[in-house]
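Residue numbers (our numbering), protein chains in the order written: chain A, 13 to 206; chain B, 13 to 206. We treat Cβ as the ideally placed atom computed from N, Cα and C, and that holds for glycine. Just so you know, these numbers come straight off a predicted model, no measurement behind them.
Structure representation (structure tokens):
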């Protein structure tokens with residue numbers, strides 16, 4: 013296999029976890045997703061809820077720029093969280109061939125030549141349908157939440173990496189899960205990793 | 013084959029023409045590139061040089077917003093050019109299975125379900141190397157030109173389509189030709205089109 017580590021950034025509801033798990037299975041390598049959260053909890057002593065809420069998401073999309081005021085203090089909880097995330101992800105990549113979903117892993121592992129950086133996205137309809145499948149019927153409020161989750165992921169990514177989230181140029185491969193479908197996305201990622 | 017038409021948007025120097033030609037060959041379908049320019053020349057009566065210069069490029073990256081002042085007049089030459097480009101590309105897509113490189117074809121054919129929309133990009137080093145291979149050693153002035161060409165393509169695309177050029181979400185598949193290489197890009201496009 014040409015690439016030892018595959019990072020998957022993804023829009024909320026684009027099926028990143030399902031696709032990532034399937035890619036890992038086909039290539040016979042580890043799959044890390046919730047494991048990142050678990051290890052960051054161990055590393056920092058923060059609660060799981062705190063890590064889940066702030067590990068990938070800006071505190072609030074409504075407040076936009078204000079969300080991050082004061083956060084450049086390196087001892088702030090959010091900065092400690094980011095440091096721990098980087099440490100955990102680097103360790104995972106070091107230890108075994110693996111697929112890592114989320115958490116700006118593409119950026120954290122940007123200096124590794126053995127890393128394939130994938131971004132998955134989809135149209136709003138596909139994402140809403142997916143979320144309804146996973147969590148039941150989706151209300152208008154939840155539709156807004158889907159969009160809000162992506163805005164918060166984007167803000168968070170931008171803050172810590174200085175890069176635009178979802179900009180093709182930051183990845184090796186960006187796939188539209190809406191038009192290509194899950195199985196085709198898995199095939200293409202496996203093919204690109206070879 | 014699942015997709016009859018493959019559009020390839022690409023950064024200057026990312027090897028879009030080479031990749032597009034190879035994809036067309038492997039799938040046994042038509043390849044359109046300079047043909048678009050030729051047909052637009054016939055359609056409009058503009059010179060080939062004019063069509064080449066303004067078909068895909070904003071008049072000037074330096075002047076930025078000023079480049080388009082007055083262009084929303086539907087009888088302006090640039091608008092006539094855009095209308096002709098749309099007509100030619102729609103005709104190509106209607107007639108035969110094909111690969112179309114450049115000219116915002118992804119946007120022009122956005123309502124077709126049988127169309128695979130690809131974007132190719134690369135890091136600056138790869139693009140400069142490619143241009144040097146094609147046109148000889150590259151000077152600092154030419155390096156700036158490479159960047160300038162992409163800025164002008166981006167401005168042009170944005171003006172006529174209202175979309176961001178190179179934003180992954182506008183495509184089915186976005187590939188980093190720098191890290192994946194030409195052959196792998198060809199393989200992945202062929203695979204995705206099946």
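- The shortest CA-to-CA distance from residue 181/B to any of 20/A, 155/A, 189/A, 49/A is the one to 189/A.
- Excluding the 5 residues flanking it on each side, residue 49/B has same chain C-beta neighbours closer than 8 Å at 60, 63, 64, 67, in chain order.
- Contact between the stretch 29 to 44 of chain A and the stretch 190 to 205 of chain A is established, with three or more Cβ pairs separated by less than 8 Å.
- A straight line joining the alpha-carbon of residue 99/B with that of residue 121/B spans about 11 Å.
- Using a Cβ distance threshold of 7 Å, residue 127/B and residue 42/B do not count as a contacting pair.
- Among the residues of the stretch 165 to 181 of chain A, those with a Cβ less than 8 Å away from any Cβ of chain B are 178, 179, 180, 181, in the order of the chain.
- C-alpha of residue 132/B to C-alpha of residue 46/A: approximately 32 Å in a straight line.
- Closest in C-alpha terms to residue 139/B, from the list 53/B, 184/B, 193/B, comes 193/B.
- In this structure, residue 105/B keeps its C-beta atom at 7 Å or more from the C-beta atom of residue 56/B.
- DSSP lists no beta-bridge partner residue for residue 142/B.
- Following the DSSP letters along the chain, one finds residue 22/B inside the beta strand (DSSP E) bounded by residues 17 to 22.
- Within the same chain, Cβ atoms closer than 7 Å to the Cβ of residue 15/B are found at 126, 127, 128, 205, the five residues on either side in sequence being excluded.
- The continuous beta strand (DSSP E) containing residue 131/B extends over residues 127 to 133.
- Under the 7 Å criterion on CB atoms, residue 133/A is classed as interfacial with respect to chain B.
- With a contact defined as Cβ atoms closer than 8 Å, residue 186/B and residue 186/A qualify at about 4 Å.
- Taking 7 Å as the cut-off, the beta carbon of residue 44/B is found closer than this to the beta carbon of residue 112/B.
- Around residue 183/A, the beta-carbon contacts reaching into chain B at under 8 Å are 180, 186, 188.
- Residue 112/B: not part of any alpha helix (DSSP H); member of the beta strand (DSSP E) spanning 110 to 113, first to last residue.
- Bridge pairing for residue 185/A: 130/A, 187/B [DSSP].
- Against chain A, the beta carbon of residue 203/B has neighbours under 7 Å at 199, 200, 203, listed in chain order.
- Any Cβ of chain A closer than 7 Å to the Cβ of residue 30/B would place that residue at the interface, and such an atom is absent.
- Within the model, the alpha-carbon separation for residue 168/B versus residue 25/B is close to 18 Å.
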